[in-house]
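Colleague:
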Amino acid sequence: MNPTLRAILSRAAKAVGVILAIVLLNFMLIRLAPGDAAAVMAGQAGAADEMFMEQLRAQFGLDRPLYVQFFTYLGGILQGDLGFSYRQGTEVSVLIAERLPATLLLTVSAFGFALFFGIILGAIAAMNVGRALDFVISVLSLLFYATPLFWFGLMSILLFSVWLGWLPATGMMTIGAGYTGWDHVVDVARHLVLPAVTLGLFYMAVYTRMTRASMLEVRDMDFVRTARAKGLARGVIVRRHILRNAILPIITLAGIQAGQLVGGAVLTETVFGWPGIGRLAFDALVQRDYQVLLGVFLVTSVMVVVFNIITDLVYRMVDPRIGALE
Amino acid sequence: MTAFKRFLRNPKAIIGMVILLAATIAAVLAPVIFPQGPWPMANRPFLPPMEQPGFPLGTDMMGRDIMVAIAYGAQVSLLVGLSSTLVALLVGILLGALAGFYGGIVDDVLMRVTEFFQTIPTFVFALLLVAILSPSIQSIILAIGIVSWPPVARLVRSEFAALRNREFVKAAMVLGRSNRQIILSEILPNTMSPVIALASLMVATAILTEAAISFLGLGDPNRMSWGYMIGASRTVIRQAWWMSFFPGVVILLVVLALNLVGEALNDVLNPRLARKGRQ
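Protein chains in written order, with my numbering: chain A, 9 to 334; chain B, 134 to 412.
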């Protein structure tokens, strides 16, 4: 079998295991909540009366053994049924599906921003190690690394939209403007800048530091000396020999951190009123709408798993040795 | 003692320790200097900073003194940061030690579990735990502890796996010491220096996570915290920037200080690893 295909299959099998485990975890969390599972499903904020709860208990078979309940729950999820939000009066899966594209746009942009500028800044710092530029970049990344992202978001609203008036503060598009075509794209992009930078900043700092450390390590290796001895131009050595090798650990790390990025989206979307599933999670949190929260947890976990598979494939493209070894 | 002296000479360590000392003093002395607590109205609401003597940071929308609230907030941040890191260390060291020492199937199973906890979106999971267990300082500590142990487990496991075949461990085995004794008194002390450096970075992350949880309104309702201050005043940010600005600066400083101390500890305790950056 083609090694890449085999790798994808084995990753997919692992992913199925992870998702099953998350479903199990969700199932246990429902039982951890105060009150019985019917109360959790109805939403704790008292959206349901006693008769309705009885009906729920019968419907979900809460009087039956636990493993039967689990398979009922699992069966529902496999059919795309993430439960019903009694607070919002809609299927959880519908609520999430509506908002998923906005979150994907935000997280992918933030990730791209973080990776691109992280690697560039890290490379600049490494090439100027010990000089003023290196110091400035290192101090900045240390600061960004310690900044609470929700606070940075608020301050950037204050600076760039309230005081300077350069960018819109909240939402995903200008309401009522009715832009179409290219105007619409520009409008969304202008709304995207602050949230994406806010969400990406911390990871940019992480990638900057990683790239710098990794490049300094690769820089002293024998093959780099050989390239230098061959008389290659400095730019070629940095790009094709040092950076390409130094970038590998960063891709691995980036895959692992995808989960944290999705989590940060809850904060970013809350600050900027971005209509994604993070904002949905915040509203559900305020209303203790556990069904929606559990659904968001499941869907974001699936997003992370998919993200991990993609980074794995990218890794294979950047480092052909991996495919050759198997 | 030489490592300790080198630590004290490190400029990163000095800056970090000074900030942490200030935060600790604020947390400990808050009830002494401000016995009235952070909740009562102290002046008119929306008082800007530096406008009246005695209120250098101004008041919030309920007229509460922001300086007092920040001092009390230090209690929550430090308490949650330290306790949740302790929880994470206990879980992580236990699982990492077992996986690294026994290897084989134990290692496989435990590392699968660790990988699982590293894959799931940890912040969403922590929020879910706090919401379901109902917001309190205990549930926040538990939730942050539960999501932060995997790096400890991986680190301790790799140290154990590397040390378990060394001569001093073999010697202890030949002497007939039990596995428990070998794990606790032979190998574990030798793995501590990277764990200590990691722990100070974990406290920093825990403080950021606590602030984020409180910002979203899931903080302990009986305790003033920095995240809550920012979250509560974010709707009035256009009129009153100072209410969310100052608590954020304080979070930034404390987290920065912990990162600096962690790096300095790494430089001193693990000179070999220091260059490799951190995960």
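All residues carry an ideal CB built from backbone N, CA and C; glycine is no exception. Note that the coordinates shown come from a computational prediction; the quantities given were computed from them, not determined experimentally.
Where B/Met183 and B/Gly206 are concerned, what is the direct C-alpha to C-alpha distance, given to the nearest angstrom?
Modeller: As a first step, residue 183 of chain B is located in the second sequence; it is residue number 50 there, counting from the start. As a first step, residue 206 of chain B is located in the second sequence; it is residue number 73 there, counting from the start. About 21 Å.
Colleague: Indicate whether the contact test is met: 3 or more Cβ pairs, each with one atom in the region 206 to 221 of chain B and one in the region 369 to 387 of chain B, closer than 8 Å.
Modeller: With a cut-off of 8 Å, the region 369 to 387 of chain B and the region 206 to 221 of chain B count as touching, because enough Cβ pairs lie within range.
Colleague: Look at A/Gly161 and A/Thr276 and say whether their C-beta atoms are less than 8 Å apart.
Modeller: For the purposes of this step, residue 161 of chain A is taken as residue 153 along the first sequence, with counting starting at 1. For the purposes of this step, residue 276 of chain A is taken as residue 268 along the first sequence, with counting starting at 1. Their beta carbons are under 8 Å apart, which means A/Gly161 touches A/Thr276 by this criterion.
Colleague: Excluding the 5 residues preceding and the 5 following A/Val205 in the sequence, name in chain order all residues of the same chain whose CB lies nearer than 8 Å to its CB.
Modeller: Taking the first sequence and counting its residues from 1, the one referred to as residue 205 of chain A is at position 197. Within the same chain, A/Val205 has close Cβ partners Ala118, Phe121, Ser164.
Colleague: If you measure between the beta carbons of B/Arg297 and B/Gly233, is that distance less than 8 Å?
Modeller: One-based indexing of the second sequence puts residue 297 of chain B at position 164. One-based indexing of the second sequence puts residue 233 of chain B at position 100. Contact flag set, yes.
Colleague: Am I right that A/Gln299 and A/Gly91 are in contact with their C-beta atoms under 8 Å? What's the rounded C-beta distance?
Modeller: In the first sequence, residue 299 of chain A corresponds to position 291, counting from 1. In the first sequence, residue 91 of chain A corresponds to position 83, counting from 1. Confirmed, Cβ separation roughly 4 Å.
Colleague: DSSP three-state label for B/Glu184, please.
Modeller: Position 51 of the second sequence holds residue 184 of chain B. Looking at B/Glu184 - three-state DSSP - the assignment turns out to be coil, as it is neither helix nor strand.
Colleague: Going along chain B in order, which residues have a C-beta closer than 8 Å to the C-beta of A/Arg139?
Modeller: For the purposes of this step, residue 139 of chain A is taken as residue 131 along the first sequence, with counting starting at 1. The contacting residues do not exist; A/Arg139 stays about 18 Å from chain B at best.
Colleague: So is A/Ala53 in contact with chain B if we call contact Cβ pairs under 8 Å?
Modeller: As a position in the first sequence, residue 53 of chain A is number 45, starting the count at 1. Here A/Ala53 scores only 46 on pLDDT, less than 50, and its place in the model is too uncertain to base an answer on.
Colleague: Residues in the region 293 to 309 of chain A with C-beta within 9 Å of chain B's C-beta atoms, listed in sequence order?
Modeller: So the list reads Leu293, Val294, Arg296, Tyr298, Leu301, Leu302, Val304, Phe305, Thr308, Ser309, given in the order they occur along the chain.
Colleague: What runs of the alpha helix (DSSP H), each 4 residues or longer, lie entirely inside the region 147 to 173 of chain A?
Modeller: Here the runs fully enclosed are 157 to 164.
Colleague: Which residues in chain A have a C-beta closer than 8 Å to the C-beta of B/Trp374? List them in chain order.
Modeller: Counting from 1 along the second sequence, the entry for residue 374 of chain B is found at position 241. Within 8 Å Cβ-Cβ: Leu166.
Colleague: Cβ of B/Asn355 less than 8 Å from any chain A Cβ?
Modeller: What you label residue 355 of chain B is simply residue 222 of the second sequence in a count that begins at 1. False, the Cβ-Cβ gap to chain A never drops below 8 Å.
Colleague: Let me know the secondary structure DSSP gives B/Asp198 once reduced to three states.
Modeller: As a working note, residue 198 of chain B is residue 65 in the second sequence. If DSSP states are grouped into helix, strand and coil, B/Asp198 belongs with the strands.
Colleague: Mind checking which residues open and close the alpha helix (DSSP H) that includes B/Asn399?
Modeller: For the purposes of this step, residue 399 of chain B is taken as the residue at position 266 of the second sequence. B/Asn399 -> alpha helix (DSSP H) spans 374 to 402.
Colleague: For my contact list, B/Pro322 and B/Asn403 are in at a C-beta cut-off of 8 Å; report their separation, rounded to the angstrom.
Modeller: Within the second sequence, residue 322 of chain B is the residue found at index 189, counting from 1. Within the second sequence, residue 403 of chain B is the residue found at index 270, counting from 1. The Cβ separation is near 15 Å, so there is no contact.
Colleague: Which residue wins for smallest C-alpha separation from A/Gly281, given the options A/Ala185, A/Thr111, A/Thr188?
Modeller: In the first sequence, counting from the first residue as 1, residue 281 of chain A sits at position 273. Among A/Ala185, A/Thr111, A/Thr188, the Cα nearest to that of A/Gly281 is on A/Thr111.
Colleague: In three-state DSSP terms, what is B/Phe179?
Modeller: What you label residue 179 of chain B is simply residue 46 of the second sequence in a count that begins at 1. Reduced to three states, the DSSP call for B/Phe179 is coil.
Colleague: If you count every other CB in all the chains shown that lies within 10 Å of the CB of B/Phe188, and 16 or more means buried, which is it?
Modeller: Your numbering for residue 188 of chain B matches position 55 in the second sequence. Label assigned to B/Phe188: buried.
Colleague: Should A/Tyr81 and A/Phe35 be called a contact, given that it needs their Cβ atoms to be closer than 8 Å?
Modeller: Counting from one through the first sequence, the residue named residue 81 of chain A turns up at place 73. Counting from one through the first sequence, the residue named residue 35 of chain A turns up at place 27. Yes.
Colleague: Roughly how many angstroms lie between the CA atoms of A/Lys22 and A/Arg248, to the nearest whole one?
Modeller: Along the first sequence, read from residue 1 onward, the residue named residue 22 of chain A stands at position 14. Along the first sequence, read from residue 1 onward, the residue named residue 248 of chain A stands at position 240. The alpha-carbon atoms of A/Lys22 and A/Arg248 are separated by roughly 33 Å.
Colleague: Which chain A residues sit within Cβ distance under 7 Å of B/Pro249?
Modeller: The count along the second sequence starts at 1 and reaches residue 249 of chain B at position 116. According to the sequence provided, residue 249 of chain B is Phe. The question's Pro does not apply to it. Residues of chain A passing the Cβ test: Val26, Ala29.
Colleague: Using the Cα positions of A/Ala185 and A/Asp195, report the straight-line distance between them to the nearest angstrom.
Modeller: Reading the first sequence from its first residue, position 177 is the one you call residue 185 of chain A. Reading the first sequence from its first residue, position 187 is the one you call residue 195 of chain A. Computed Cα separation, rounded: 10 Å.
Colleague: Is any beta-carbon of chain B found at less than 8 Å from that of A/Asn316?
Modeller: On the first sequence, position 308 is the one that residue 316 of chain A refers to. It does; some Cβ of chain B falls within 8 Å.
Colleague: Smallest Cα separation from A/Arg217: which of A/Leu302, A/Ala131, A/Leu17, A/Val304?
Modeller: Here residue 217 of chain A is taken as the residue at index 209 of the first sequence, counted from 1. When each option's Cα is compared against that of A/Arg217, the closest is A/Ala131.
Colleague: Return the CA-CA distance between A/Ala266 and B/Gly309, expressed in angstroms with no decimal places.
Modeller: The residue labelled residue 266 of chain A in the question sits at position 258 within the first sequence. The residue labelled residue 309 of chain B in the question sits at position 176 within the second sequence. When rounded, the distance between both Cα atoms is 46 Å.
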